[in-house]
Amino acid sequence: MYLFMSPLIEINDLLLADKSNLIILDARGFAGAYDRYLAGHLDGALFVELDRDLANVPENAANGGRHPLPSPEAFAGLLTRLGITPETHIVVYDDKAGANSAARLWWMLKAIGHQQVQVLNGGLQAAINHGVALSTDVVVPQPAAQPYPVPLEFSGTVDIDEVGKAAHDDARLVIDVRENPRYLGQTEPIDSVAGHIPGAINVPFASNLDASGKYRSAEELQAAYKNSLGNVKPEDTIVHCGSGVTACHTLLALEHAGLPGAKLYVGSWSEWSRRDLPVGKEERY
1 MYLFMSPLIE INDLLLADKS NLIILDARGF AGAYDRYLAG HLDGALFVEL
51 DRDLANVPEN AANGGRHPLP SPEAFAGLLT RLGITPETHI VVYDDKAGAN
101 SAARLWWMLK AIGHQQVQVL NGGLQAAINH GVALSTDVVV PQPAAQPYPV
151 PLEFSGTVDI DEVGKAAHDD ARLVIDVREN PRYLGQTEPI DSVAGHIPGA
201 INVPFASNLD ASGKYRSAEE LQAAYKNSLG NVKPEDTIVH CGSGVTACHT
251 LLALEHAGLP GAKLYVGSWS EWSRRDLPVG KEERY
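For the sequence shown, position 241 (counting from the first letter as 1) is numbered 241 according to UniProt numbering, and the numbering increases by one without interruption.
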């Protein structure tokens, strides 16, 4: 049994952390991620790639969205190759203030029951701002002596049918974390249809951050999300984004705020928008 571990770690605390049971993961995503890793990363950090390691990208995003989860077997195999055991303390970061693949990897680990995992608050930029010297070494992982136990599933997810029902249930809430113009259907730079799931509210993930790119305080986030949730319990809340990645930033924010239990719709707008389903373009308050 582990004591509660904050989902976030500050760069100064990371520098002082016990390194004997620590693995740092650089989880950048999207085009050029590995090149950016090679150009400078935290000393000792292992590279994890979104499309290759944290998703099972389909030919057609109508089947699970643009970033469906890998199988539990594949994810356990990745952790084994990275030298991770169930007792490993993991710190993960990206170069987008933790808003992209770092939060996704944090959520995936929590969803299989891994307890000791944290996201570097402010991401790589926080380390740079602190004066940390970056490394250009290619770090080769040492596989774990024993395979990571294969989890039964990723807990805390909902499918397309459930999210559609929840969006019209007063006792439940669906939160779309994309930028407001995308939610309103004024623009759609990635997916084929603009708009949102009818009945969903919009709380852009960027509202989780302060001006420095770090998460706002737990107290601030708790007040903001209690206002958004109203009478709906966190465990009756579903969060989504474009493809199930950035939504994890909000799931982390909710846990940081002391409001854990919300579910992830992994397929998100990238799946919904390809299924010829109703599309909303009006703000819901």
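Backbone N, C-alpha and C define an ideal beta-carbon position, used for all residues, glycine too.
These numbers were taken from a predicted model, which means no experiment stands behind them.
Cβ shell of residue i (< 7 Å), same chain only, five flanking positions each side left out
i, result
"G113", "P151"
"H89", "N21, L22 and Q116"
"R28", "R36, Y37, D94, D95 and S101"
"G258", "A218 and Q222"
"L109", "I90 and V117"
"G65", "S243, G244, V266, G267, S268, S270 and E271"
"N180", "N202 and P204"
Through-space distance from residue j to residue i, alpha-carbon basis
i, j, result
"residue 286", "A111", "This structure cannot settle anything about residue 286, because the visible part of the chain is limited to 1 through 285."
"V138", "A33", "14 Å"
"Y2", "V266", "Its pLDDT being 45, under 50, Y2 is placed unreliably by the model, and the measurement read from it follows with that caveat. Spanning the two alpha carbons is a distance of roughly 28 Å."
"L229", "I128", "35 Å"
"K233", "D176", "17 Å"
"Y148", "D43", "24 Å"
"E87", "L79", "12 Å"
"A206", "P70", "26 Å"
"H168", "C241", "18 Å"
"A39", "T237", "39 Å"
"S243", "L209", "20 Å"
"R182", "V279", "12 Å"
"P143", "A76", "12 Å"
"L134", "I11", "13 Å"
"P163", "R52", "According to the sequence provided, residue 163 is Val. The question's Pro does not apply to it. One C-alpha to the other measures close to 27 Å."
"G261", "E235", "4 Å"
"D13", "K19", "12 Å"
Outcome for residue i when other beta-carbon atoms lying within 10 angstroms are tallied against a minimum of 16
i, result
"E5", "Note on residue identity: the sequence assigns Met, not Glu, to residue 5. When all chains shown are included, M5 counts as exposed."
"K165", "exposed"
"Q146", "exposed"
"Q125", "buried"
"S212", "exposed"
"I9", "buried"
"L277", "exposed"
"A97", "buried"
"I190", "exposed"
"T250", "buried"
"E153", "exposed"
"K281", "exposed"
"D26", "buried"
"A31", "exposed"
Same chain, Cβ closer than 6 Å to residue i, five either side skipped, listed in chain order
i, result
"L15", "none"
"H67", "A55, S243, G244 and V245"
"R216", "D210"
Contacts around residue i, its chain only, beta-carbon distance under 8 Å, and the 5 residues preceding and following it disregarded
i, result
"R284", "G199, A200, I201 and N202"
"E73", "V150"
"P141", "L46, R81, L82 and G83"
"residue 286", "Nothing in the structure corresponds to residue 286, since the chain is present only between 1 and 285."
"H256", "S6, P7, L8, Y215, A218 and L221"
Inset, instruction - Check whether the stretch 156 to 168 touches the stretch 48 to 61, taking contact to mean three or more Cβ pairs, one atom from each stretch, closer than 8 Å. - result: As far as the Cβ criterion goes, the stretch 156 to 168 does not touch the stretch 48 to 61, which means the pair count is below three.
Legend entry - 3-residue-minimum beta strand (DSSP E) runs that sit fully inside the stretch 48 to 115, ordered along the chain: List check, beta strand (DSSP E) in window: 89 to 93.
Inset, instruction - Just list the alpha helix (DSSP H) runs in the stretch 164 to 216, keeping only unbroken ones of 4 residues or longer that don't cross its boundaries, in chain order. - result: Entirely contained in the stretch 164 to 216, the alpha helix (DSSP H) runs reaching 4 residues are, in chain order, 180 to 183.
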